[in-house]
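Undergrad: Right, I'll just put the structure down here and ask away after.
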Amino acid sequence: MKIEELLPENRHEICTTERLKKRLLALAADIREKGVRFHNGRLVVTGYAYHELYDWDMYFENLFLSYLGCADFCRNNVEMFLDEQHESGFIARTMGICYPKPRHHFKPFLAQTALLGCRQTGDCRWLDGKYYEKLKKYLDYWFWHCDSDKNGLCFWDGSDHSGMDNQALRLGYDGVMEFEGVDLNVYLVRELRAMAQLALELGKAEDAASFSAHAKRLAALIDAVFWDEETGFYYDRSERTGELNRVKCISGLLPLWLGTIPAVRAERLVREHLLNPEEFWLPYPAATWAKNEKGYYQERRGGECTWMGATWIPTNYMVMHGLMLHGYRAEAEALAEKTFDMVLRETTTREYYNGETGAGQGMCPFWGWSALGYVMAAEAKTGYDPADPLRRAFETLDLPGLEIL
């Protein structure tokens, strides 16, 4: 893919081909020189200067790396985390010394990352045996240990566990273990689908059928339990009270990413909420916390990573592909174009952004998941999705100097 193909038609005048080339080369250099490190004899990658490795970051980082023709870390990082699995199936969601999370189970992205790598290389043999069984065990942990009322929907251990660190008004604090997350269960459906594909690749037809059936049941539960007809939105549910926690955040838009919700519900999510400037459609959408909700703010107040309104690239990416899956191509392109402008107008890639001004916040520079902002417009325009579980051919960027290994 030529670099020019990444440029949307509607963009700020500063967003030129040359500026984009320089940015991509700087990103690749940062990944190569600062992000790649040795861990227990294997090369792994992280987007963070302090060398912490995170669960869902790994997935989105590797989606971008697929554009650089690099699939190694889909295997290396997955193996690294699986090697740390407890007998119960539990895997801590971080690896490093700065931010240990010894009670937070790994978010449901391991199978999706493994499948992404297997599709690029055409080889799933490394999974057969030990690592496949570990993947099954880690997935079982969610449904055995994170579903106290056994209704089939799993809960987060507070907002920090979700990765949307400071959304305590939605999920409570560490140790609460109360709220069944819309986002979590969407990730689990996609993880079950990925496991079904991996099982097929490994000749395990019975497992594949079981994973597929479970994914369908869970998707149906998301629609049956989390949807609120009055407001036209998906909300997290308290296991303690059985009630929905009616605060609007980006999590409630993520069922779009499944591609299976009823068309009338998708329409309400898009028209009444996503495109509503009083909720999510800021000058630089999409807000991670609705503008008209209690607690909304944009500018970080200290050292926190704020998810109380700021715009984050991975959530934009999920919503964009959800829009595409439901036929909202124009809306997907608009979101992608605004995201592209936001990331390229900044002087360097940043961890997250002020949705009202477009100013970068957090890590500076950052070479993690925010890199997806540079390819979103091309994906929205062409319909390309590197995460398509059936994909066999991958786009790579035609620019010398982007090599990572």
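With this note's numbering as the guide, the letters of the sequence shown map in order to residues 692 to 1096.
Note that the Cβ used here is the ideal one computed from N, Cα and C, for glycine as well.
As the structure is a computational prediction, the values presented were derived from the model and not from experiment.
Could you pull out every residue in the same chain whose Cβ sits closer than 8 Å to the Cβ of residue 948, ignoring the five residues on either side in sequence?
TA: Within the same chain, residue 948 has close Cβ partners 877, 881, 1009, 1010, 1012, 1013 and 1016.
Undergrad: With which residues is residue 1052 paired in a DSSP beta bridge?
TA: Residue 1052 is bridged to 1043.
Undergrad: Can at least three beta-carbon pairs, one atom from the stretch 882 to 893 and one from the stretch 860 to 869, be found at a separation below 8 Å?
TA: Counting Cβ pairs under 8 Å, fewer than three are found: no touch.
Undergrad: Going along the chain, which residues of its own chain have a beta-carbon closer than 7 Å to the beta-carbon of residue 834, five neighbours each way excluded?
TA: Hits under 7 Å: 845.
Undergrad: With a threshold of 6 Å on Cβ separation, who are the neighbours of residue 1034 within its own chain once the five nearest residues in sequence on each side are excluded?
TA: Cβ within range, chain order: 1064.
Undergrad: Three Cβ pairs or more, each shorter than 8 Å: is that satisfied between the stretch 899 to 914 and the stretch 843 to 857?
TA: Verdict: yes, contact present.
Undergrad: Tell me the start and end of each unbroken alpha helix (DSSP H) in the stretch 758 to 825 that is at least 4 residues and wholly inside, in chain order.
TA: Segments of the alpha helix (DSSP H) lying fully in the stretch 758 to 825: 763 to 773 and 801 to 812.
Undergrad: May I ask you to list the residues that DSSP assigns as paired with residue 1065?
TA: Answer by DSSP bridge pairing: none, since residue 1065 is not bridged.
Undergrad: Can you give the Cα-Cα distance for residue 849 and residue 797, rounded to whole angstroms?
TA: Approximately 14 Å between the Cα atoms of the pair.
Undergrad: What's the gap between the Cα of residue 874 and the Cα of residue 732?
TA: About 34 Å.
Undergrad: I need the boundaries of the beta strand (DSSP E) containing residue 728, first residue and last residue.
TA: 727 to 730 is the span of the beta strand (DSSP E), which, as asked, contains residue 728.
Undergrad: For the stretch 766 to 785 and the stretch 812 to 830, state whether three or more C-beta atom pairs, one from each stretch, are separated by less than 8 Å.
TA: Touching, per the Cβ criterion.
Undergrad: Which of helix, strand or coil does DSSP assign to residue 1131?
TA: Past the edges of the chain, shown from 692 to 1096, lies residue 1131, and the structure says nothing about it.
Undergrad: Helix, strand or coil, according to DSSP, for residue 1006 in the structure here?
TA: Three-state result, residue 1006: helix.
Undergrad: With respect to the beta strand (DSSP E) encompassing residue 929, which residues constitute its N-terminal and C-terminal limits?
TA: Run containing residue 929: 927 to 929, per the beta strand (DSSP E) assignment.
Undergrad: Along the chain, where does the alpha helix (DSSP H) that runs through residue 718 open and close?
TA: Element bounds for residue 718: 708 to 721.
Undergrad: How would you label residue 779, buried or exposed, when you count the other beta carbons within 10 angstroms and need 16 or more for buried?
TA: Classification for residue 779: exposed.
Undergrad: CB-CB under 7 Å to residue 748, same chain, minus the five flanking residues each way: which ones, in chain order?
TA: Contacts found: 738, 1059 and 1060.
Undergrad: List the residues that DSSP assigns as beta-bridge partners of residue 1072.
TA: Residue 1072 is not bridged to any residue.
Undergrad: Please state the DSSP three-state secondary structure of residue 1029.
TA: Three-state DSSP puts residue 1029 in a helix.
Undergrad: Going along the chain, which residues of its own chain have a beta-carbon closer than 6 Å to the beta-carbon of residue 828, five neighbours each way excluded?
TA: Excluding residues within five positions, the ones whose Cβ falls inside 6 Å are 780.
Undergrad: Identify which residue in 1081, 722, 784 and 810 has its Cα closest to the Cα of residue 1092.
TA: Of the candidates 1081, 722, 784 and 810, the one whose C-alpha sits nearest the C-alpha of residue 1092 is 722.
Undergrad: Reducing DSSP to helix, strand and coil, say where residue 1159 ends up.
TA: Nothing can be reported for residue 1159: it is not among the residues displayed for the chain, which extend from 692 to 1096.
Undergrad: Give the DSSP-derived three-state secondary structure of residue 841 in the structure shown.
TA: Residue state, collapsed to three classes: coil.
Undergrad: Just verifying my parser: in three-state terms, what is the DSSP assignment at residue 912?
TA: Helix at residue 912.
Undergrad: CA-CA distance, residue 942 and residue 1087?
TA: For residue 942 and residue 1087, the distance between alpha carbons rounds to 30 Å.
Undergrad: Please state the DSSP three-state secondary structure of residue 1037.
TA: Note: residue 1037 maps to coil in three-state DSSP.
Undergrad: Verify whether the separation of the beta carbon atoms of residue 1075 and residue 1084 is less than 8 Å.
TA: No.
Undergrad: Within the continuous beta strand (DSSP E) that includes residue 733, where are the two ends?
TA: Its beta strand (DSSP E) spans residues 733 to 736.
Undergrad: Would you list the residues sitting across from residue 746 in a DSSP beta bridge?
TA: Paired residue(s): none; residue 746 is not in a bridge.
Undergrad: To the nearest angstrom, how far is the alpha carbon of residue 872 from that of residue 928?
TA: Rounded to the nearest angstrom, the two C-alpha atoms are 7 Å apart.
Undergrad: What do you reckon, are the CB atoms on residue 1057 and residue 1040 nearer than 8 Å?
TA: Their beta carbons are under 8 Å apart, which means residue 1057 touches residue 1040 by this criterion.
Undergrad: Would you say the stretch 912 to 931 touches the stretch 988 to 997, given that touching needs at least three Cβ pairs under 8 Å?
TA: Touching, no.
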